[in-house]
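Quick note on numbering: the sequence shown equals residues 651 to 717 in my numbering. Glycine included, C-beta positions come from ideal geometry on N, C-alpha and C.
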Amino acid sequence: MYSVTEIVGSSPVGTDDAIANAVAEASKTLRNLEWFEVTSVRGKLDGDRVMHWQATIKVGFRHESGA
Numbered sequence: 651m652y653s654v655t656e657i658v659g660s661s662p663v664g665t666d667d668a669i670a671n672a673v674a675e676a677s678k679t680l681r682n683l684e685w686f687e688v689t690s691v692r693g694k695l696d697g698d699r700v701m702h703w704q705a706t707i708k709v710g711f712r713h714e715s716g717a
């Protein structure tokens with residue numbers, strides 16, 4: 651059995667770093683992380699330049715058995 655939570659990661663470097671930051675943050679309070687799904691990507695612009703990235707992800711984590 652799995653639960654799913656949604657979290658937003660951000661980075662000035664790119665989407666891969668934004669995703670990695672979101673997973674790292676989720677792993678601070680959740681155990682048994684199993685998968686993620688990117689649900690949206692956004693960016694902050696300064697004129698014609700991308701200055702910052704945000705990635706919203708759903709993270710799936712496995713429930714611990716009650717044994």
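- The C-beta distance from Ala-668 to Ser-660 rounds to 5 Å, short enough to fall under 8 Å.
- Measuring C-alpha to C-alpha distances from Val-691 to each of Tyr-652, Ser-677, Thr-665 and Ser-715 identifies Thr-665 as the nearest.
- In the three-state scheme derived from DSSP, where H, G and I count as helix and E and B as strand, Val-663 is classed as coil.
- Our two residues, Pro-662 and Thr-706, have alpha carbons roughly 15 Å apart in a direct line.
- For Met-701, the enclosing beta strand (DSSP E) has its first and last residue at 699 to 712.
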